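Residue numbers (the working numbering): 6 to 188. Ideal placement from N, C-alpha and C gives every residue a C-beta, glycine not left out. Being a predicted model, the structure only gives us computed values, none of them experimental. Contents: one structure, followed by commentary.
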């Protein structure tokens, strides 16, 4: 059973009980809660301000483009469905795409380990097809999806020398190029 983290938030908010699946998710919750307690101004292009809490909330919730992308991933890789269901349950029905893609990285690494350990052709094919879909999505040029894939998929891949780093060798040319840019 995952560790339970209780967080109190002032400003007339009730006590929250957060059950993160990963440290990344816990930090995301903490970042959103901290910004709710201590809002910081953020400039609009038009000169107005909004609190960082609102800005983060707007950025954290998926746009229609991102929702369609995630839905397409799950439809084409049905083994992702339980992961998405758990994510939505843990996040009060909201899709938080950057957190979800972090979970997807762990799913990809598990799929790769299964393919390698068991010699499963099904797992190998699913992994190859999934990485091809990500390659095609990144190459399509949609900036929102490129940012999502870069920040939350590529940056979460294991580095050289870490377990699972060989996944980097299975990426297509566009994702590999971006991976070199971000390190």
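How is residue 176 classed by DSSP in three states: helix, strand or coil?
Residue mapping note: residue 176 aligns to position 171 of the chain shown, counting from 1. Residue 176: coil per DSSP, three-state reduction.
In its own chain, which residues sit with a C-beta less than 6 Å from the C-beta of residue 161, not counting the 5 before and 5 after it?
Against the chain shown, residue 161 aligns to sequence position 156. Excluding residues within five positions, the ones whose Cβ falls inside 6 Å are 107, 110.
So, are the CB atoms of residue 140 and residue 78 less than 8 Å apart?
If you number the chain shown from 1, residue 140 lands on position 135. If you number the chain shown from 1, residue 78 lands on position 73. No, the pair does not count as a contact, with Cβ atoms beyond the cut-off.
Considering only residues of the segment 124–161, which uninterrupted beta strand (DSSP E) runs meet the minimum length of 3 residues and lie entirely inside it, listed in chain order?
Counting whole runs of 3 or more residues, the segment 124–161 contains no beta strand (DSSP E) stretch at all.
Nearest by alpha-carbon distance to residue 136: which of 152, 158, 149 is it?
Here the question's residue 136 lines up with position 131 in the chain shown. That would be 158, whose Cα lies nearest to the Cα of residue 136.
Under DSSP, the alpha helix (DSSP H) around residue 168 begins and ends at which residues?
Residue mapping note: residue 168 aligns to position 163 of the chain shown, counting from 1. Residue 168 -> no alpha helix (DSSP H), and no H or E assigned at all.
Shortest alpha-carbon distance to residue 183 belongs to which of 75, 67, 155, 87?
Counted from its first residue, the chain shown places residue 183 at position 178. With distances taken between Cα atoms, residue 183 lies closest to 155.
For the alpha helix (DSSP H) containing residue 99, list its first residue and its last residue.
In the chain shown, counting from the first residue as 1, residue 99 sits at position 94. That residue, residue 99, is in no alpha helix (DSSP H); it is neither H nor E in DSSP.
Could you give the DSSP three-state label for residue 67: helix, strand or coil?
Indexing the chain shown from 1 puts residue 67 at position 62. Looking at residue 67 - three-state DSSP - the assignment turns out to be coil, as it is neither helix nor strand.
As a quick exercise: from 104, 128, 103, pick the residue whose alpha carbon is nearest that of residue 115.
Numbered from its first residue, the chain shown carries residue 115 at position 110. Among 104, 128, 103, the Cα nearest to that of residue 115 belongs to 128.
Tell me whether residue 131 is buried or exposed, calling it buried when 16 or more other Cβ atoms sit within 10 Å of its Cβ.
Mapped onto the chain shown, residue 131 falls at position 126. So residue 131 ends up on the buried side.
Residues in the same chain with beta-carbon distance under 8 Å from residue 175, minus the five sequence neighbours each way, listed in chain order, please.
As a first step, residue 175 must be located in the chain shown, where it is residue number 170. Hits under 8 Å: 117, 132, 133, 136.
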